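Visitor: So in numbering that gives the first Met the number 0, spot 18 of the sequence shown is number 17, and the numbers just go up one at a time.
Heads up, the beta-carbon is just placed ideally off N, CA and C, and yes, glycines get one too.
Note that the coordinates shown come from a computational prediction; the quantities given were computed from them, not determined experimentally.
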Amino acid sequence: MRAIVTGQVGMDKLNYLKQVVHLAGERGERVHLYNIGDLMYREARDVSPGRILDLPLSRLNALRRAAFKDVIAESRDQPNVLVNTHATFRWRHGLFSAIDFDQIQLFGPDLLVCLVDNIEMVHHRLHLEHQSDATLKDMMVWREEEVVTTELLAQALGLTKQFYIVSRGRHQDTTETTFRLVCRQQYRKVYPSFPMTHVVNMPEVLREIDEFRQTLSRHFITFDPADVDEKLLLDAAMEAARDGRAHIEPEAGSFSGGRGSLRINVREVLDIAGDIDGQIYMRDFKLIDQSDMIVSFVPELPGGIPGLSSGVERELQHAFEHGKEVYVVWKPQRAPSPFITETATRVFKNVSEALTYFEERGMFAPTNLFGH
0 MRAIVTGQVG
10 MDKLNYLKQV
20 VHLAGERGER
30 VHLYNIGDLM
40 YREARDVSPG
50 RILDLPLSRL
60 NALRRAAFKD
70 VIAESRDQPN
80 VLVNTHATFR
90 WRHGLFSAID
100 FDQIQLFGPD
110 LLVCLVDNIE
120 MVHHRLHLEH
130 QSDATLKDMM
140 VWREEEVVTT
150 ELLAQALGLT
160 KQFYIVSRGR
170 HQDTTETTFR
180 LVCRQQYRKV
190 YPSFPMTHVV
200 NMPEVLREID
210 EFRQTLSRHF
220 ITFDPADVDE
230 KLLLDAAMEA
240 ARDGRAHIEP
250 EAGSFSGGRG
260 SLRINVREVL
270 DIAGDIDGQI
280 YMRDFKLIDQ
290 SDMIVSFVPE
300 LPGGIPGLSS
310 GVERELQHAF
320 EHGKEVYVVW
330 KPQRAPSPFI
340 TETATRVFKN
350 VSEALTYFEE
360 RGMFAPTNLF
370 GH
């Protein structure tokens, strides 16, 4: 597979993709990684680290074309290739393209991936690595531009069904997802659906949900909506505002790749409340669209109440209306409503029953793909 991976400035994509290459090596696959930024610096030895975006656009474009020309020549006979680049830049020159369509065509990608991350982490990394006055709002805009531009590039290349949004991962490692997209496309692609916000203070329910998520990720390529959890950031900011605090200090997350401690301005978070909700709505539906099927976990809450949030209901309806296979693990004793049963391909009583069904119907990848 020949893959182009995009993502906004501040994503730390290079270190993430190096981990993907390392994982591929452990699984017996050789993946060649080309970092366009490093190749541009190799062409421009007079430019200090971190200053290349300050060059005039004419020279910046020339350096990029020279770097990509080398990638095209060197990667021609390599079966598995990752190209780390950007679709756009928004810097002192304003918004400008970071790709050349003619060279992308010559490279001949098989898939395009836009890597995303929690916005506070992107903001944190950007300010560690660059002198910038960019706000959280700027980060939200840049991310949306990067996703849309990468998706348009995929459409122009005829790769609409091979465009994926993948989270960098904050509390779980998603390098397995990217590895499988590049080297193990026999895996089915699944969107795990489950309640999030209103079960945050229910540890037993959260434990069940985490086990469900981890189980699916072992058997499928999963696009997990919880890998970007900015709603929690917004909730924390709203609580801080009520308490009269001007800053919050969220955890970086064990897989975020962040350095140093986070200190986020509460006002900045409240200013992007609408962006957070809008992008969650957009992104989660796109994750469903790029999946083969949705598997929804509905836990039983205290009092025998089904843990069925409005978000889960909307996700199930969207998947059904777009021709996806819809599977529901229904844990409550109370029977599901017709709005669940009439749109579901099948309803299961527990995760084990669902896994047995999937295995019997050959939905798991061939066993020789597991391990090394």
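Kindly list the residues whose CB is nearer than 8 Å to the CB of I51, restricted to its own chain and excluding five residues on each side of it in sequence; keep chain order.
Guide: Here residue 51 is taken as the residue at index 52 of the sequence shown, counted from 1. The residues are G36, M39, Y40, A43, L59, L62.
Visitor: Looking at the secondary structure, which residues open and close the alpha helix (DSSP H) in which K12 lies?
Guide: Counting from 1 along the sequence shown, the entry for residue 12 is found at position 13. Run containing K12: 12-25, per the alpha helix (DSSP H) assignment.
Visitor: For the alpha helix (DSSP H) that contains E359, what are its first and last residues?
Guide: Locating residue 359 in the sequence shown gives position 360, counting from the first residue. Residues 350-359.
Visitor: Are T148 and F162 touching if we call contact CB-CB under 8 Å?
Guide: Position 149 of the sequence shown, counted from the start, is the residue given in the question as residue 148. Position 163 of the sequence shown, counted from the start, is the residue given in the question as residue 162. No, the pair does not count as a contact, with Cβ atoms beyond the cut-off.
Visitor: So, helix, strand or coil for F347, using DSSP?
Guide: Here residue 347 corresponds to residue number 348 of the sequence shown, with the count starting at 1. Strand, per DSSP.
Visitor: Examine the Cβ distances between the segment 193-205 and the segment 298-310 and report whether three or more of them are shorter than 8 Å.
Guide: As far as the Cβ criterion goes, the segment 193-205 touches the segment 298-310, which means the pair count is three or higher.
Visitor: Any idea which residues DSSP pairs Y190 with across the strands?
Guide: For the purposes of this step, residue 190 is taken as residue 191 along the sequence shown, with counting starting at 1. In the DSSP output, where bridge partners are listed per residue, Y190 has I293.
Visitor: What distance in whole Å lies between the Cβ atoms of P249 and L232, which are believed to be in contact at a cut-off of 8 Å?
Guide: Against the sequence shown, residue 232 aligns to sequence position 233. Against the sequence shown, residue 249 aligns to sequence position 250. Indeed, because the Cβ distance is near 6 Å, the residues count as touching under 8 Å.
Visitor: Please state the DSSP three-state secondary structure of E144.
Guide: For this step, residue 144 is matched to residue 145 along the sequence shown. DSSP places E144 in helix when its eight states are reduced to three.
Visitor: From A2 to G243, what does the alpha carbon distance come to, in whole angstroms?
Guide: In the sequence shown, the residue the question calls residue 2 occupies position 3. In the sequence shown, the residue the question calls residue 243 occupies position 244. Their Cα atoms are separated by approximately 47 Å.
Visitor: Count the other CB atoms within 10 Å of the CB of N79; is the residue buried (16 or more) or exposed (fewer)?
Guide: Counting from 1 along the sequence shown, the entry for residue 79 is found at position 80. The residue in question, N79, is buried, as its Cβ has 16 or more Cβ neighbours within 10 Å.
Visitor: In whole angstroms, give me the CA-to-CA distance for M237 and V70.
Guide: The residue you call residue 237 lines up with position 238 of the sequence shown. The residue you call residue 70 lines up with position 71 of the sequence shown. Going from the Cα of M237 to the Cα of V70 covers about 47 Å.
Visitor: Return the CA-CA distance between R360 and H21, expressed in angstroms with no decimal places.
Guide: Here residue 360 refers to the residue found at position 361 of the sequence shown. Here residue 21 refers to the residue found at position 22 of the sequence shown. Rounded to whole angstroms, R360 to H21 spans 32 Å at the Cα level.
Visitor: Compute the distance between the beta-carbons of L94 and T87, then report whether it is under 8 Å.
Guide: By one-based count along the sequence shown, residue 94 stands at place 95. By one-based count along the sequence shown, residue 87 stands at place 88. Result yes, Cβ atoms of L94 and T87 sit closer than 8 Å.
Visitor: Any idea if L135 is buried or exposed, counting beta-carbon neighbours within 10 angstroms, 16 or more meaning buried?
Guide: If you number the sequence shown from 1, residue 135 lands on position 136. Counting Cβ neighbours within 10 Å, L135 comes out buried, since at least 16 surround it.
Visitor: Is A364 helix, strand or coil when you go by DSSP?
Guide: Counting from one through the sequence shown, the residue named residue 364 turns up at place 365. DSSP places A364 in coil when its eight states are reduced to three.
Visitor: With DSSP as the reference, identify every bridge partner of N264, one or two as the case may be.
Guide: Along the sequence shown, one-based indexing puts residue 264 at 265. Partner(s): H246.
Visitor: For E324, which residues in the same chain have their Cβ closer than 6 Å to its Cβ, ignoring the five residues on either side in sequence?
Guide: Within the sequence shown, the letter at position 325 stands for residue 324. Correct list, in chain order: M292, T344.
Visitor: Does the segment 127-141 come close enough to the segment 257-275 that 3 or more CB-CB pairs lie under 8 Å?
Guide: At 8 Å Cβ cutoff, the stretches touch.
Visitor: Which residues in the same chain have their Cβ closer than 7 Å to the Cβ of C113, if we skip the five residues on either side of it in sequence?
Guide: Stepping through the sequence shown from its first residue, residue 113 is reached at position 114. Taken in chain order, the residues that qualify are T5, G6, E145, V146, T149, I164.
Visitor: So, for C182: in the same chain, excluding its five sequence neighbours on each side, which residues have a beta-carbon less than 8 Å away from its beta-carbon?
Guide: Counted from its first residue, the sequence shown places residue 182 at position 183. If we look at C182 and ignore the five residues flanking it on each side, its Cβ neighbours are M0, A23, R26, E28, V30, N79.
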